[in-house]
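First up is the structure itself, then whatever we jot down about it.
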Amino acid sequence: NRAIGLPAVAYTTEPEPHGGSRRLAQIQKLGMAIGWREHPFEWVEGRRMGVLREFHQGPWKWFTSVVELTPRTDGGTTLVHRVRMLPANLVGKLAARLEVGLKTRKALERVYLHIDAAVSGDLGSLADPFEDPPALRPEASQKLEQRLAQVAARGADLETLERLGEFLAVAPVQELSRIRPLALARRLNVDEQKFLETCLLAAREGLLTLLWDILCPICRIPSQVQQSLKAIREHGHCEACQSDFELDFANSIEMIFRVASDIRNTETGVYCIGGPAHSPHVVAQVRLAPGERFELDLALATGGYRLRGPQLPYCIEFRALPEASATRWELQLSQGPHPESPRQLKAGQQHFVFINDTTHEVVARIERTVSRQDAVTAARAAASPLFRELFAGECLAPERLVQIEQITLLLTRLDEAQNLYFEWGDSPAFRRVHEHFRQLEEIVRREGGSLYKTIGEGTCAVFTSPLPAVRAAIAMRQLPEPQLRVALHRGPALVATINDRLDYFGATVNTASQLLEALPRSESRKHPRILVSQAIAGDPDVIRIVSEQTPPRQFQPWPQIPNRALRSVYPHELL
4 NRAIGLPAVA
14 YTTEPEPHGG
24 SRRLAQIQKL
34 GMAIGWREHP
44 FEWVEGRRMG
54 VLREFHQGPW
64 KWFTSVVELT
74 PRTDGGTTLV
84 HRVRMLPANL
94 VGKLAARLEV
104 GLKTRKALER
114 VYLHIDAAVS
124 GDLGSLADPF
134 EDPPALRPEA
144 SQKLEQRLAQ
154 VAARGADLET
164 LERLGEFLAV
174 APVQELSRIR
184 PLALARRLNV
194 DEQKFLETCL
204 LAAREGLLTL
214 LWDILCPICR
224 IPSQVQQSLK
234 AIREHGHCEA
244 CQSDFELDFA
254 NSIEMIFRVA
264 SDIRNTETGV
274 YCIGGPAHSP
284 HVVAQVRLAP
294 GERFELDLAL
304 ATGGYRLRGP
314 QLPYCIEFRA
324 LPEASATRWE
334 LQLSQGPHPE
344 SPRQLKAGQQ
354 HFVFINDTTH
364 EVVARIERTV
374 SRQDAVTAAR
384 AAASPLFREL
394 FAGECLAPER
404 LVQIEQITLL
414 LTRLDEAQNL
424 YFEWGDSPAF
434 RRVHEHFRQL
444 EEIVRREGGS
454 LYKTIGEGTC
464 AVFTSPLPAV
474 RAAIAMRQLP
484 EPQLRVALHR
494 GPALVATIND
504 RLDYFGATVN
514 TASQLLEALP
524 RSESRKHPRI
534 LVSQAIAGDP
544 DVIRIVSEQT
554 PPRQFQPWPQ
564 IPNRALRSVY
574 PHELL
């Protein structure tokens, strides 16, 4: 829309009585105010998308835009874009013929040719698929080079930094206002961890600004942008869905970056909202009038999916599997799923029949249930040692307590420390323990975790997933301290700010501590002992990495444990 010359849109929402929201929009165009109700977009991934706009202000009554994509035998795609509109007066007729029929048509042809060149690889990976970037001002170019040099001096990977600099110089202004580091790293074909670290260093040097998106768990559209974790509350609200939601460090808070305003102007105006680009997890979205019957053919790949909608009081999860036999699913939307409805459909071939037997319009969507792997969530950021080092002040307000859906904890205890103080004296023993902590932190950091707390002769580290935590634990077996105990557990937790630092609380933390205490002290061990819960031992990636050790290692279930809480997590020792 921006590339073809349309202005930014001012959107407002109003709650609908049956759920969801009514979206109203307004622009200034042709020397007049134009306002409309924008109905929910409809689309089938890779095949079609369309939208209806009903005007209450301006020269038209209604407008529809439908794009259809058809695969060709030569490997290309035929795109057909149909626009229809009903003028409200003579001005509307003239505007439809001249502004839309000639000017917009010509602009669309230009943009589609540009998109074709971009997806064909003719413009390079950094090119804006919609329009050519403006030239960088000489003074801005000089500032960019100066700050890139400052980031390099901090130890950033030079190849990664060069790619970031190229992107900042030529990227479209809208992308520069919301840089998602992992998604951009994949697009630029660079190492994700190195790119994230480069962005953090760039933010520290003033080349980028660090921000936090608050994501709606339903539509996954940012509902707010905050400049600091301190501004984040325990609950969020999505105007688009008219829903309140509890914030989760692992899902609903995402770290993003914005280029410094003296380097490039950024575009924060909204040109479109509600389309498929905003909800890449939604495979199909359809709008059904009261009494309408809609049939939808899909070819869902193997995986998990869900059916839901803002007017539906339920959510149905199902799977597409190669071995499933059912291909048809008929659903009366007012009643929800029939007890005998299949929850497994054949992968690659599904026929859905939706019947809107209500008295109001219903929007139904089919979504992938897989979590996003291209977001730096607040949980992942908090587990980054570089983030903690560079942005130590980035923490929650003192009274805030926020959930984390899943977290992996690694706890250690050095049993011989007390003897060291007695035998060596305070100063030599302290140096030995301090060096031990330094070695532990180096191992944790190398695996992408963060050692967030020391307690006496013990440490607490956090990871976003089990695999790097287990790799760190295995590396600790090589340390010279045989009287080291290590415990790992995974589960939900709470995060809060204690003494200006992020800390973790809850049953998962307590269970990890009990696992550590369950390991007996021994003065005759040759290697550190590692005890993990079933949540760690049963992880497929962990099982693979353990079996690949030389010599191969394995998890052995622990004997009977008197502690009921520990019995419930099925402890295993890594041998």
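Residue numbers (the working numbering): 4 to 578. Glycine residues also receive a C-beta, built at the ideal position from the N, C-alpha and C atoms. It should be emphasised that the depicted structure is a prediction, and the values quoted were computed from it without experimental measurement.
Chain-order list of residues whose beta-carbon lies under 6 Å from that of residue i (same chain, five-residue window excluded)
| i | result |
| --- | --- |
| A400 | K233 |
| L303 | A323, Q353 |
| L89 | K64, W65 |
| G38 | Q29, H59, Q60 |
| Y507 | A496, V498 |
| R87 | T67 |
| C318 | R309, R311 |
Reduced DSSP category for residue i - H, G, I as helix; E, B as strand; rest coil
| i | result |
| --- | --- |
| A287 | strand |
| F248 | strand |
| L306 | Leu is not the amino acid found at residue 306; the sequence shown has Gly there. Strand at G306. |
| A159 | coil |
| Q177 | helix |
| P18 | strand |
| H631 | In the structure displayed, the chain extends from 4 to 578; residue 631 sits before or after that span and is not available. |
| E450 | coil |
| C275 | coil |
| C318 | coil |
| V356 | strand |
| L9 | coil |
| P560 | strand |
| P495 | strand |
| S255 | coil |
| F133 | coil |
| E148 | helix |
| P225 | strand |
| I487 | Here residue 487 is Leu; the residue named in the question, Ile, does not match the sequence. Strand. |
| L389 | helix |
| V193 | coil |
Neighbourhood of residue i by C-beta, 7 Å cutoff - its chain only, sequence neighbours within 5 removed
| i | result |
| --- | --- |
| E397 | S231, L232 |
| P603 | Residue 603 lies beyond the residue range present for the chain, which begins at 4 and ends at 578; the question has no answer from this structure. |
| R85 | V69 |
Given residue i as reference, the closest of the options once Cα atoms are compared
| i | options | result |
| --- | --- | --- |
| T16 | M88, I37, P43 | P43 |
| T380 | S68, W46, G38, F260 | F260 |
| G2 | A98, H530, T362 | Here the chain comprises residues numbered 4 to 578, so residue 2 is not present and cannot be evaluated. |
| L9 | E19, Q353, R50, V103 | V103 |
| Q406 | V436, E326, G451, T500 | T500 |
| Q60 | M88, A28, D77, V70 | A28 |
| S337 | A464, G461, L291 | L291 |
| V289 | R87, I539, R113, F357 | F357 |
| E402 | L97, R236, V94, L577 | R236 |
| E445 | P469, M479, A540, E460 | M479 |
| L491 | I477, D360, A253 | I477 |
Whole-angstrom C-beta distance between residue j and residue i, which should lie under 8 Å
| i | j | result |
| --- | --- | --- |
| W332 | L348 | 6 Å |
| L324 | A350 | 6 Å |
| D160 | K197 | 5 Å |
| T467 | R383 | 5 Å |
| R532 | R488 | 6 Å |
| I182 | A110 | No, I182 and A110 are not in contact; Cβ-Cβ is about 27 Å, not under 8 Å. |
| L171 | I266 | 6 Å |
Host alpha helix (DSSP H) of residue i (start-end)
| i | result |
| --- | --- |
| Y115 | 108-122 |
| G461 | Premise fails: G461 lies in the beta strand (DSSP E), 461-466, not in any alpha helix (DSSP H). |
| L413 | Here L413 belongs to no alpha helix (DSSP H); instead the beta strand (DSSP E) covers 405-417. |
| D377 | Taken as a continuous stretch (DSSP letters only), D377 belongs to no alpha helix (DSSP H), as it is neither H nor E. |
| I546 | 543-550 |
| G95 | 93-98 |
| L213 | No alpha helix (DSSP H) contains L213, which is instead part of the beta strand (DSSP E) from 211-218. |
| R567 | 567-570 |
| A521 | 510-521 |
Residue range of the beta strand (DSSP E) that includes residue i
| i | result |
| --- | --- |
| T457 | 453-458 |
| R296 | 296-301 |
| P90 | 80-90 |
| S24 | 24-32 |
| E45 | 45-47 |
| E333 | 331-335 |
| S68 | 63-74 |
| I533 | 532-535 |
| K349 | 347-349 |
| Q60 | 51-60 |
Beta-carbon contacts of residue i that lie in its chain and below 8 Å, excluding the five residues immediately before and after
| i | result |
| --- | --- |
| M35 | G61, P62 |
| R157 | L204, R207, E208 |
Proximity test, Cβ basis, 8 Å: residue i and chain B
| i | result |
| --- | --- |
| S68 | Of the protein chains in this structure there is only one, and it is not chain B. |
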